[in-house]
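Inspection log for the structure reproduced underneath, given as structure tokens.
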Amino acid sequence: MFARKSDGFFTALLAGGVLLGLMFADAAISQRLDLDSVRRRREVVRVLTLTDLCLFTEARYTRHPSMADLHAPFQEHPMSLEHFPSGAVMAVPPHLNRRESAPRTQR
Amino acid sequence: MSTMGALEKQRYLLDFSLSSLGRRKGKNIALVVVYTFVIFLLASVLFFTHSLKKEASLILRDAPEITVQKLAAGRQELIPAHYIDSLERIRGVQSVAPRLWGYYYDALSGANYTLMVNGALKDRAGEIIIGNGVSRRSATGKRSRSLRKNDIIPFKTYDGSVLTLKVKGLFSHASELTTSDLILVSETDFKKIFSIADGQATDLVLQVRNSKELATIGAKITQLHPDTRSILREDILRTYDVVFDWRGGVIILVLSSAFFAFIILAWDKATGLSAEEKREIGVLKAIGWETSDILLMKFWEGAAVSLSSFFLGIILAYLHIFLASAMLFEPVLKGWSVLYPEFRLTPYINGYQIAVLFFLTVIPYTVATIVPSWRSATIDPDSVMRM
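If you read the protein sequences in the order shown, they are chains A and B. Those letters in the first sequence? Residues 2 to 108, per the numbering used here, in order. Those letters in the second sequence? Residues 1124 to 1510, per the numbering used here, in order.
Right, dumping it as structure tokens:
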């Protein structure tokens, strides 16, 4: 198919580069097309005064991580360890870990 | 040597390297497959977390400016509505509104719903508006279709009775990332389901005149009511910026296992060449190849393997995350959830991510292929061939 092996390699490299370029073009087009739905989602958040994304519905502290307190993952007992799988995927919201002098957010 | 001559020399070296790779076809194909998978995994995690964070930062920009919760023994509890008067008197506060919301476990479907009171349903007790996830999950049992307008959902109230509410609307599919498990109810029905007395709210949301004063107002609230805590909008935004941080949680486990697999791969290369490869270097040196030519040949070998894997891995990761809706991550994200939102992420990718992947994978691998060759190429060809 190719006279030299390097011709095939360069063609494959070029095809890879073009596909990478197409990937960026697709991302740019999708972002533009989704502008309207992002605006609508934002409006839903504003009107309904929502605070979190609905990603995990198994536990209340992963359904609304920004509203959770540090004790929520430990349920009703000090020895009841945090056990929901989504708790392993997420990091602790930074405002729960903040050590500050001003008593703005109680831990 | 002219530029054309130098380029032609590189092409001949590349031709030779590709033929050399072709002689060990099975081994090299296996190498490309493993290498592609490592890059695919790394790129998938990077694309997914970045797009989710970007999406959260865009849509939660209009989240409540300050949310005030009441705490009792470290837990959140209902806040008395009379707190509203004192909060409204704080300079800079524009409005204070109570929010009534909570979680309802539906024993029929086994799913958890978020119930929230909505002002639009004030005089429409008995009616609800539901998210797409709720419509899918409530259609269990004998019914195989999703819930539609005018269907009913029974709710078991906290006093033991059953309250049936009629679906009067569904959220659009586009808003599923925020409303999938949401059920909007009237205040009367909410209080009936959870037996909540009048004059109480789940939390209070504040609007302020100047967003620069948020932190100051937050501090004033805690001073005024030490049993409360306030969550600012920037806290919510930062939560989603950090929550899917690739350096935390199980994500670091996925990334580190992929990275260690890659280290083993590179280590295998760097600790030495096979006897066949060493003999090949010996023969090439014996017939007059310079050490630099051998290194260049090995460089082209490494570059061919790593560049092909790099392009393949990144393109497959893009298709996986943005076209196949992160299919492979679904079991991890679902966990024990019965209700799971079906959403398609908008692709937010940038050159920085591609550069990070390139420098983490292609460069180390290419270097790892050159080092052992340099060691073999600098010793006497006769002794290399006798090895």
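Glycine residues also receive a C-beta, built at the ideal position from the N, C-alpha and C atoms. Predicted model, so just to flag it, every value in this text is computed and none were measured.
Within-7 Å CB hit, residue i to chain A
i	result
Q1323/B	no
L1300/B	yes
G1215/B	no
D1416/B	no
G1264/B	With a pLDDT of 48 at G1264/B, under the threshold of 50, the predicted position of this residue should be treated as unreliable, and no value is reported.
Q1199/B	yes
I1472/B	yes
N1255/B	no
T1488/B	According to the sequence as given, residue 1488/B is Tyr; it is not Thr. Not an interface residue.
L1141/B	yes
L1480/B	no
F1452/B	no
I1387/B	no
Where the beta strand (DSSP E) containing residue i begins and where it ends
i	result
S1318/B	From DSSP, S1318/B is part of no beta strand (DSSP E); its letter is neither H nor E.
I1253/B	E1250 to I1253
L1198/B	The residue asked about is misnamed: residue 1198/B is Arg in this sequence, not Leu. Run containing R1198/B: R1198 to E1200, per the beta strand (DSSP E) assignment.
D1229/B	W1224 to D1229
For residue i: DSSP bridge partner residues
i	result
P1277/B	T1287/B
N1241/B	Per DSSP, none; premise fails for N1241/B.
V1219/B	L1329/B
R1352/B	Q1192/B
N1235/B	Y1228/B
P1203/B	Q1323/B
L1456/B	In the DSSP output, where bridge partners are listed per residue, L1456/B has none listed.
L1293/B	I1253/B
Boundaries of the alpha helix (DSSP H) in which residue i is found, first to last residue
i	result
P1487/B	G1474 to A1500
V1308/B	That residue, V1308/B, is in no alpha helix (DSSP H); its beta strand (DSSP E) goes L1305 to V1308.
D1208/B	Y1206 to E1211
I1340/B	L1337 to L1347
I1444/B	Looking at the DSSP string, I1444/B is not in any alpha helix (DSSP H), and its letter there is neither H nor E.
R40/A	L36 to L49
P1464/B	P1464/B -> no alpha helix (DSSP H), and no H or E assigned at all.
S1143/B	T1126 to R1146
E1403/B	A1398 to A1409
Residues near residue i by beta carbon distance below 7 Å, same chain, minus five either side
i	result
F57/A	T63, R64 and S87
K1315/B	T1280 and L1286
L1154/B	V1428
S1431/B	V1155
Y1471/B	H1173, S1174 and K1177
G1341/B	I1189, S1353 and L1355
P1487/B	A1389
Neighbourhood of residue i by C-beta, 6 Å cutoff - its chain only, sequence neighbours within 5 removed
i	result
Q1199/B	Q1192
R1467/B	S1448
I1444/B	S1167, F1170 and F1171
G18/A	none
A1384/B	V1161
E1413/B	none
Cutoff 7 Å: residue i Cβ touching any chain B Cβ
i	result
M91/A	yes
R33/A	no
L51/A	yes
P66/A	yes
E59/A	yes
H84/A	no
A28/A	yes
G54/A	Per the sequence shown, residue 54/A should be read as Leu rather than Gly. Output row for L54/A: interface = yes.
R42/A	yes
E17/A	The amino acid at residue 17/A is misidentified as Glu; the sequence shows Gly. Output row for G17/A: interface = yes.
P95/A	yes
S81/A	no
M24/A	yes
L20/A	yes
Same chain, Cβ closer than 8 Å to residue i, neighbours up to 5 away in sequence not counted
i	result
I1477/B	I1437
T1489/B	F1422, G1425, A1426 and S1429
K1408/B	T1414, I1417, A1500, P1504 and V1507
L82/A	F75
G1264/B	Because G1264/B sits at a pLDDT of 48, beneath the cut-off of 50, its placement in the model cannot be relied upon, and the following sentence gives the value as read from the coordinates. Result list for G1264/B: L1231, in chain order.
Any C-beta of chain D under 7 Å from that of residue i
i	result
Y1226/B	Given the protein chain composition of this structure (A and B), no chain D is represented.
task = Determine, using beta-carbon pairs with one atom in the segment 1336-1346 of chain B and one in the segment 1281-1301 of chain B, whether at least three such pairs fall under 8 Å.
result = no
message = With three or more C-beta pairs closer than 8 Å as the rule, is the segment 1393-1413 of chain B touching the segment 1490-1500 of chain B?
response = yes
inquiry  = For the structure I just gave you, are there three or more beta carbon pairs, one from the segment 1430-1449 of chain B and one from the segment 1161-1170 of chain B, closer than 8 Å?
reply    = yes
ask   = Does the segment 1295-1306 of chain B touch the segment 1227-1245 of chain B, meaning 3 or more C-beta pairs lie closer than 8 Å?
value = yes
key: Given 8 Å, three or more beta-carbon pairs between the segment 1358-1368 of chain B and the segment 1458-1475 of chain B   = no
inquiry  = When you compare the segment 4-11 of chain A with the segment 1134-1146 of chain B, are there three or more beta-carbon pairs, one atom per stretch, that lie closer than 8 Å?
reply    = yes
Segment contact flag, the segment 1347-1359 of chain B with the segment 1205-1212 of chain B, C-beta cutoff 8 Å, min 3 pairs = yes
request  = Would you be able to state if there are at least three C-beta pairs under 8 Å between the segment 39-56 of chain A and the segment 1175-1182 of chain B?
outcome  = yes
ask   = So does the segment 1483-1495 of chain B actually touch the segment 1406-1425 of chain B, counting three or more Cβ pairs closer than 8 Å?
value = yes
query = Counting Cβ pairs, one atom from each stretch, are 3 or more of them under 8 Å apart for the segment 1209-1218 of chain B and the segment 1322-1335 of chain B?
reply = yes
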